[in-house]
Each structure stands twice: as C-alpha cells, then as structure tokens.
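In terms of UniProt numbering, the numbers along the sequence shown are unbroken and rise by one, the last being 344.
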Amino acid sequence: MTTRSLRLRRLRRSALTPLSRRGGAQPKVVALGGGRGLSASLAALRRITGDLTAVVTVADDGGSSGRLRKELGVLPPGDLRKALAALCGDDDWGQTWARVIQHRFQSHGELHEHAVGNLLIVALWEQLGDHVQALDLVGRLLGAQGRVLPMSAVPLELQALVRGHDPARPDDVDTVRGQATVALTPGEVQSVHLVPNDPPAVPEAVAAVLDADWVVLGPGSWFSSVMPHLLVPELLDALVKTKARRVLSLNLAPQPGETEGFSPQRHVEVLGRHAPKLALDVVLADEAAVPDRDCLADAARHLGAAVELAPVASPDSAAKHDPELLAAAYDRIFRMHGRIGPWR
C-alpha cells in the first residue's frame with residue numbers, strides 16, 4: 001500500500017466518528033448550495049455533526065423540476081430532494097429511502113423522468129400549504145440527519161450576462177435566462193442576478209444562518225447553484241452579520257460551459273465581486289486541483305480567508321468528492337479555525 005493510500009485511509013477513519021461522540025456538543029452547521037455539489041457537502045457534514053441545515057437554491061427550471069414548476073407553479077423540488085437524499089443515513093432504512101426518492105420513472109407518457117421524491121414533496125406542499133413543514137415531514141420519513149430548507153419561498157429565475165453565448169458573436173454580451181441554460185452556456189458568464197431581484201428569504205433559513213457556528217458555501221455549479229444565495233438580500237445580510245465562521249468549498253474542476261477555464265482563484269474573485277461585503281474565514285480546495293497556491297492564497301486573503309488544501313477527491317474519480325475525505329477536511333477546519341466553542 002502506498003504512502004498516499006495510507007494517508008487517505010487515516011483521514012477517512014478520522015471522519016467516521018461524529019464530533020458529538022468525541023465529547024462535548026456538536027457544532028451548528030449550515031450548508032448552502034444546490035445540486036450535486038451541495039449533496040457532496042451534506043454527505044460529508046452529516047458524518048461529523050447532527051446539527052445540520054441545508055439551505056437550497058430554488059431557481060432550477062430544467063427536467064422534472066422545471067416541468068412541475070411550469071405546470072403547478074411550485075418551487076422546483078429537485079435540489080431539495082437531492083439534499084434530503086444526501087442526509088439519509090447509511091443504514092438500510094436510510095439507503096432504501098434515498099434510492100426511492102431519487103428513483104425516476106421510465107415510460108412513454110407524462111411520468112417519464114419524473115423523480116418520486118419530487119412528486120412526494122410537491123404533494124405535501126399542496127396538502128400542508130407550508131414549504132418548511134412539508135420538507136420537515138419528508139425528512140422525518142427518511143430519517144434524514146439534518147434539515148432541508150429552500151432559500152426563498154417563491155420560484156426564482158436566474159439570469160446571466162454572458163459574453164459569447166452565441167459563438168457567431170463572440171464579443172457580444174447577451175442576457176441568458178434560466179438556470180439550465182446558464183449552466184450550459186458556451187460563453188463567459190460576466191454576472192448573474194435573480195428575477196424577482198428582491199426575493200424574500202425563508203425566515204427559518206435566515207435564522208439558521210444567524211444561529212450557526214459554521215456556514216459552508218459550495219461546492220457546486222458556481223453561477224447557478226452557489227451565487228444565487230448571495231442574491232437574496234435577507235440571506236446575504238444574514239451571511240454578512242452572522243457570528244458563524246464561513247467556509248468556501250471550491251470545486252474539483254471547472255464546469256464545462258459555466259466556468260470553463262476558471263482557475264481556483266477566479267472562483268473566489270467572482271464570489272467577491274458579487275458579494276463585496278461578505279468576508280470568509282477559510283477557503284477549502286483539493287490539493288491536487290490548485291496549480292498556483294500563491295495566487296489562490298492572495299485571492300482568499302482579499303476576502304479575509306486562509307486557504308486549506310486537503311485531498312478531498314475520490315481516488316476513483318478526480319471529478320467527484322469522497323464524502324469521508326471531505327468530512328475529514330471539514331472536521332479539521334472546524335477544530336483548527338473555530339472560535340472556542342462547546343464542541344472543542
């Protein structure tokens with residue numbers, strides 16, 4: 001076994017025992033994002049704390065979520081469903097329900113590609129008339145190890161200014177509408193905004209951020225999953241004012257289309273331009289995904305943050321986070337950079 005393999009094994013083992021079992025209380029952690037990036041973060045964080053809240057973007061307009069949103073006028077449930085699945089335990093109950101809510105119907109009719117969890121969430125919204133209460137109920141059914149909240153109670157449209165969206169006009173800047181379109185644009189995203197441009201935040205999400213010990217932003221699709229949280233005024237205000245420490249978790253690689261050619265430091269710089277009042281404490285990146293450590297450290301320093309490099313990619317795929325390695329990295333950050341708290 002190589003030295004690297006032994007190191008990775010030790011890091012995984014260190015993340016298997018939650019902080020609460022090592023003595024003291026657990027840190028209150030809020031994770032913000034959407035899609036697979038947030039799911040990766042939640043799958044890691046649930047291994048080290050039981051006091052975990054996910055705040056999820058609601059701008060998705062593609063696939064099953066987009067169809068339900070268009071037909072019923074509801075919040076897009078897909079990213080909320082993925083977050084709930086990521087919070088399911090590793091026992092038979094948790095893994096069975098995770099598979100069930102992620103299951104997609106295959107047919108030649110209207111149910112084709114609809115996810116079971118999307119239909120369940122929307123049905124409970126209609127029954128209960130309360131987004132948060134319904135999601136809490138689904139969480140209890142699944143045995144989810146944490147709470148899932150939408151960032152806003154109204155469906156949002158993501159719009160972006162994109163240079164070269166039309167390859168025939170590479171220097172022109174166009175307005176691109178819709179999260180699914182922005183995520184796949186072949187052009188260079190200059191900035192993003194939401195419609196409506198002053199959406200209300202879910203009060204429980206704001207309260208969770210203000211009450212947190214740690215807030216984790218990212219990883220995920222940078223413009224379509226990470227940035228939208230900074231465009232909800234009440235949520236951004238809470239992120240600026242909270243006494244929690246703030247971690248920005250970078251992606252393992254640029255995303256084709258949306259952030260094609262982005263360096264790690266450019267991801268940090270873009271966030272800083274969209275939220276100039278937001279300070280960070282730690283920027284976490286995979287040690288193998290940072291070609292210029294000094295440039296990343298300089299970009300992080302402008303936001304008040306230190307850089308932590310750690311092996312967080314799966315040994316089987318450099319584009320996929322390993323939940324145990326990511327958990328070990330978060331665990332170390334919480335211990336090394338946290339103010340003296342009850343879990344220390």
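For glycine and all other residues, C-beta sits at the position ideal for the given N, C-alpha and C. Because the structure is a prediction, the values reported are computed rather than measured.
*According to DSSP, which residues form a beta bridge with E308?*
L284
*Pull up the DSSP beta-bridge partners for L149, would you.*
V55
*How is G257 classed by DSSP in three states: helix, strand or coil?*
coil
*Between which two residues does the alpha helix (DSSP H) harbouring A31 extend?*
Unbroken run through A31 is the beta strand (DSSP E), 29–33; no alpha helix (DSSP H).
*Say yes only if the C-beta of R332 is nearer than 7 angstroms to one or more non-hydrogen atoms of the ligand ATP, and no if none qualify.*
As for the ligand ATP, it is missing from this structure, which has no ligand bound.
*Identify, in the order they occur along the chain, each residue of the same chain with its Cβ nearer than 6 angstroms to the Cβ of F262, setting aside the five sequence neighbours on each side.*
P254
*Are H321 and A31 close, meaning C-beta to C-beta below 8 angstroms?*
no
_Cα-Cα separation between E324 and R332, rounded to whole angstroms_ = 12 angstroms
*In or out: A123 buried (at least 16 other Cβ within 10 Å) or exposed?*
exposed
_Please return the same chain residues whose Cβ sits closer than 7 angstroms to the Cβ of Q190, not counting the five positions on each side in sequence._
L161, V162, R163, V173
_beta strand (DSSP E) segment containing K82, residue limits_ = K82 -> not in any beta strand (DSSP E); alpha helix (DSSP H) instead, spanning 78–86.
*Rounded to a whole number of angstroms, what is the C-alpha to C-alpha distance between D198 and P233?*
7 angstroms
*So, helix, strand or coil for T175, using DSSP?*
strand
*asked:* Can you give me the C-alpha to C-alpha distance between P291 and H112, rounded to a whole angstrom?
replied: 43 angstroms
*Return the Cβ separation of V56 and G73 in integer angstroms, given the expectation that the two are a contact with Cβ distance under 8 angstroms.*
V56 to G73, Cβ: 19 angstroms. No contact.
*Using a Cβ-Cβ cut-off of 6 angstroms (strictly less than) and excluding sequence neighbours within five positions of R21, which residues of its own chain qualify?*
Model confidence at R21 stands at a pLDDT of 42, short of 50, so the residue's coordinates are unreliable and nothing is read from them.
*Contact between the stretch 230–245 and the stretch 197–213 (3+ Cβ pairs under 8 angstroms)*: yes
*With distances taken Cα to Cα, identify the nearest neighbour of P203 among L149, V282, K28.*
L149
*DSSP three-state call for A115: helix, strand or coil?*
strand
*Ends of the alpha helix (DSSP H) at S65?*
63–72
*Compare the C-beta of V30 with all C-beta atoms of chain C and state if any pair is closer than 8 angstroms.*
In the structure shown, chain C cannot be found, because there is only a single protein chain.
*State the Cα-Cα distance for the pair I121 and I101, rounded to the nearest angstrom.*
10 angstroms
*Out of A183, A180, G187, which has the shortest C-alpha to C-alpha gap to P170?*
G187
*Through-space distance from H267 to E258, alpha-carbon basis*: 11 angstroms
*Who are W214's beta bridge partners in DSSP?*
V29, R245
*How about V282 and V247: are their beta carbons less than 8 angstroms apart?*
yes
_Alpha carbons only, please: which of A275, V138, V192 is nearest the one belonging to T175?_
V192
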